[in-house]
Amino acid sequence: MPCAFIRRGTSCPLEDEEHILRLTVVGTGYVGLVTGACFAEMGNKVTCVDIDQGKVERLKQGIIPIYEPGLEEVVQRNVHSGSLSFTTSLPEAMANSNIYFIAVGTPPGEDGSADLQYVLAVAREIGQHLDDYAVIVDKSTVPVGTADKVRAAVQSELDARGVDIDFDVVSNPEFLKEGAAVEDFMRPDRIVVGADSEPAKKLMAQLYASFSRNHDKVLFMGVRDAEMTKYAANAMLATKISFMNEVANLCDRLGVDVEKVRKGIGSDSRIGYHFIYPGCGYGGSCFPKDVKALVHMSQEAGFEAHLLQAVEARNQLQKDYLFNRISEHFGGQSLVGKTFAVWGLAFKPGTDDMREAPSIKLINALIDAGARVRAHDPVARDTARREFPPVWFEDGRLSFIDDQYDTLTHAEALVLVTEWKQYRQPEFGEIAARLTTPLIFDGRNQYEPALVREQGITYYGVGR
Ligand SMILES: NC(=O)c1ccc[n+]([C@@H]2O[C@H](COP(=O)([O-])OP(=O)(O)OC[C@H]3O[C@@H](n4cnc5c(N)ncnc54)[C@H](O)[C@@H]3O)[C@@H](O)[C@H]2O)c1
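Here the sequence shown stands for residues 0 to 463, numbered as in numbering that gives the first Met the number 0.
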């Protein structure tokens with residue numbers, strides 16, 4: 000049954016007697032931890048749940064498992080004030096709240112579909128312990144129709160218990176960017192809420208009111224519309240990147256500088272400058288898996304998503320771009336015994352996330368070809384270490400170096416993979432002096448070719 004507040008239609012569906020909303024956020028990854036911390040910062044009481052006991056223990060001590068600017072301060076402040084707490088027990092968290100955010104991972108399955116096992120496991124557990132009206136919010140990125148699956152999973156547990164408890168399932172996809180996650184969550188462009196029931200809409204409006212102070216940012220829509228909106232947004236951004244990478248490849252062959260073209264088209268307000276930077280491919284936990292999941296969703300719906308398949312295929316090819324350029328430069332000579340300096344391991348600046356990072360494919364290709372790699376990244380070394388066989392570190396095929404310039408010692412070339420700020424204006428004289436043959440492969444078009452060449456360095460960008 001809906002709680003008394005909802006039945007009376009008052010404005011505060013699930014707040015307690017102190018008018019504070021009590022939330023449970025399940026999953027303390029990039030999305031769950033930021034969501035929990037930011038809701039706590041806005042005066043709600045939040046319990047974050049994770050099955051990873053070590054992570055929860057560290058979080059209780061204020062140790063943040065990921066690199067995300069500004070997050071540590073928000074977490075520590077709210078843990079200290081008692082607004083934010085952590086547990087491994089979902090029933091314990093549920094006992095104190097009636098709003099449950101599901102923010103667990105939805106990794107790609109073998110066939111490219113989003114693997115819903117973690118989401119549905121949480122839904123079943125909620126059904127096993129639900130004892131009063133609640134709103135269950137899907138924050139994870141999930142295929143169209145998942146809210147129905149979550150509803151069915153909860154309901155089947157309630158049926159098994161022989162109880163009749165009302166609940167709503169809402170879709171509230173997250174649009175934060177790693178590296179700016181706290182800022183994005185606190186000052187969102189828009190808040191998408193897919194809700195079919197009035198009480199749930201009212202609750203979500205109240206929850207997000209403090210994030211929409213100067214104008215209402217909440218866009219209400221149907222649950223399936225909201226689920227699709229998240230995939231369409233990521234697929235659009237991935238499409239822009241792959242489009243520009245395709246143009247860059249053509250520029251290589253036609254003797255055109257893609258950077259001139261980028262500015263030429265970005266200045267058109269219908270196109271804009273965002274997400275049209277050519278480079279060595281996109282990575283991360285979202286674009287690759289979400290494009291694949293949308294392709295899979297299309298196939299299941301009996302529709303061939305030609306454009307999305309091409310976006311994914313271009314990106315896979317683009318991740319080979321730097322290695323192909325290196326091989327061409329050396330005229331097909333063996334790379335055995337050659338050393339390469341790699342700047343940037345994370346899939347993008349501002350994060351330690353290595354999921355699907357272009358650096359992984361490049362380093363694997365270089366080492367498989369017999370080369371050695373000396374790599375630097377300001378924050379991703381620990382997460383990157385897990386991506387490569389330990390034996391490579393032991394026998395020196397791969398080393399992570401503390402100082403970016405020390406990577407250049409004995410190296411034939413510098414390969415820029417991630418455009419961290421500290422790599423943007425390097426000392427080219429130092430680079431030229433340290434490399435055995437002054438040579439730069441710029442996988443993010445960060446440098447001005449003429450300036451680099453003035454230093455006697457051979458320069459390769461992407462599409463220039
Ligand atoms: N990372 C991003 O930038 C981003 C942005 C928007 C949306 N998303 C989406 O948000 C979701 C979460 O992504 P993420 O990057 O935060 O994932 P993540 O892998 O960093 O974190 C997921 C967390 O969930 C925990 N977990 C798994 N099963 C659990 C269970 N049964 N109970 C409690 N905890 C459980 C894991 O231990 C892990 O800590 C995904 O669907 C993703 O596509 C991610």
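Don't be surprised by glycine CBs; every beta carbon is placed ideally from N, CA and C.
What are the start and end residues of each continuous beta strand (DSSP E) run of 3 or more residues lying completely inside the segment 345-379, in chain order?
-> Here the runs fully enclosed are 371-375.
How far does the beta strand (DSSP E) with R21 in it reach, from first residue to last?
-> It spans 21-25 - the beta strand (DSSP E) in which R21 sits, taken as one unbroken run.
Take V141 and list the residues in its own chain whose beta-carbon comes closer than 7 Å to its own, dropping the five residues that flank it on each side.
-> Its chain contains T105, A113, L115, V118, E226 as the residues whose beta carbon lies nearer than 7 Å to that of V141, once the 5 sequence neighbours on both sides are disregarded; these appear in chain order.
With which residues is P107 paired in a DSSP beta bridge?
-> Residue pairing by DSSP places P107 opposite A113 in a beta bridge.
Assuming L415 and D441 form a contact by the criterion Cβ under 8 Å, report the distance between their Cβ atoms to the nearest whole angstrom.
-> Separation of the CB atoms of L415 and D441 is rounded to 5 Å, and the pair is thereby assigned contact status at 8 Å.
Going by alpha carbons, who is nearest to R123 out of P64, A146, E177?
-> Closest by C-alpha distance to R123, out of P64, A146, E177, is A146.
From what residue to what residue does the beta strand (DSSP E) around S84 run?
-> Here the beta strand (DSSP E) through S84 covers 83-86.
Could you round the C-beta distance between N95 and K138 to whole angstroms and report it? I think they count as a contact, below 8 Å.
-> The Cβ separation is near 19 Å, so there is no contact.
Count the other CB atoms within 10 Å of the CB of E411; is the residue buried (16 or more) or exposed (fewer)?
-> E411 is buried by the Cβ-count criterion.
Does the count of Cβ pairs from the segment 239-254 and the segment 275-291 closer than 8 Å reach three?
-> Contact between the segment 239-254 and the segment 275-291 is present: three or more C-beta pairs spanning the two stretches fall below 8 Å.
Can you find at least 3 beta carbon pairs, one from the segment 415-424 and one from the segment 296-310, that sit closer than 8 Å?
-> A contact between stretches requires three or more CB pairs, one per stretch, nearer than 8 Å, and the segment 415-424 fails this requirement with the segment 296-310.
In the DSSP assignment, find the alpha helix (DSSP H) that holds V73 and state where it starts and stops.
-> 70-80 is the extent of the alpha helix (DSSP H) around V73.
Nearest-angstrom Cα separation, counted from L206 out to M0 | Because the pLDDT at M0 is just 39, under 50, the model does not fix this residue reliably, and the value given afterwards should be weighed accordingly. So the two alpha carbons sit approximately 21 Å from each other.
Cut-off 7 Å between Cβ atoms - residues of its own chain near P187, not counting five sequence neighbours on either side = Once the five neighbours on either side are set aside, the close Cβ partners of P187 are F174, F210, K216.
Have a look at Y404, F346, G193, R396 and flag the residue whose alpha-carbon is nearest the alpha-carbon of G144.
-> G144 has its Cα closest to that of G193, out of Y404, F346, G193, R396.
Determine the direct distance from the alpha carbon of V169 to that of V149, and round the result to whole angstroms.
-> Cα-Cα distance, rounded: 10 Å.
For the putative contact between G178 and V153, defined by C-beta atoms under 8 Å, what is the C-beta separation to the nearest angstrom?
-> Rounded, the Cβ-Cβ distance is 34 Å, inconsistent with contact.
Roughly how far, in whole angstroms, is the beta-carbon of I101 from the beta-carbon of V136, given that I think they are within contact range, below 8 Å?
-> Between V136 and I101 the Cβ distance is about 7 Å, and since that is below 8 Å, they are a contact.
Given Q403, which residues of its chain have a CB within under 8 Å of its CB, disregarding the five upstream and five downstream residues?
-> In its chain, beyond the 5 residues on either side, W342, H375, Q421, Y422, P425 have a beta carbon closer than 8 Å to the beta carbon of Q403.
Give a single yes or no on whether G104 has its beta carbon closer than 8 Å to a heavy atom of ligand 1.
-> The closest heavy atom of ligand 1 lies less than 8 Å from the beta carbon of G104.
From the DSSP output, read off the bridge partner residues of K44.
-> The secondary-structure analysis by DSSP pairs K44 across a beta bridge with R21.
Cβ separation of Y458 and I439, assumed to be a contact under 8 Å, to the nearest whole Å | Going by Cβ atoms, the distance from Y458 to I439 rounds to 5 Å, so yes, they are a contact pair.
Beta-carbon gap between D180 and L70 smaller than 9 Å | Checking the displayed sequence, the identity of residue 180 turns out to be Ala instead of Asp. Against a cut-off of 9 Å, the Cβ pair of L70 and A180 comes out as a contact.
Per-residue burial, F302 [other beta carbons within 10 Å of its own, 16 or more giving buried] | Classification of F302: exposed, given that the 10 Å Cβ count is below 16.
For S297, the three-state DSSP class (helix, strand or coil) | Helix.
Candidates H409, R384, D367, F286: which alpha carbon is nearest A340's?
-> Comparing Cα positions, the closest option is H409.
Please confirm if T86 has its CB atom under 9 Å from at least one CB of chain B.
-> No chain B appears in the structure shown, which is made up of a single protein chain.
Among residues of its own chain, excluding the 5 on either side of L365, which ones have a beta-carbon nearer than 6 Å to its beta-carbon?
-> The answer, listed in chain order, is F339, V372.
Same chain, Cβ closer than 8 Å to A449, neighbours up to 5 away in sequence not counted | None.
Where F4 sits in the DSSP three-state scheme = A caution first: F4 carries a pLDDT of 47, below 50, which makes its placement in the model unreliable, though a value can still be read off. Three-state result, F4: helix.
Cβ of G193 versus every heavy atom of ligand 1: is any distance shorter than 8 Å?
-> G193 Cβ: outside cutoff for every heavy atom of ligand 1.
Check V149 in the structure and name its three-state DSSP category.
-> DSSP places V149 in helix when its eight states are reduced to three.
Near L361, which residues of its chain fall below 6 Å by C-beta distance, leaving aside the five closest residues on each side in sequence?
-> Excluding sequence neighbours, L361 sits near L321, F322.
Out of curiosity, what's the CA-to-CA distance linking R57 and P198?
-> Taking the straight line from one Cα to the other gives about 36 Å.
Can you tell me whether F387 is buried or exposed, with buried defined as 16 or more other CB within 10 angstroms of its CB?
-> That one is buried.
Using a Cβ-Cβ cut-off of 6 Å (strictly less than) and excluding sequence neighbours within five positions of T382, which residues of its own chain qualify?
-> Closer than 6 Å at the Cβ level, and outside the excluded window around T382, lie D351, M353.
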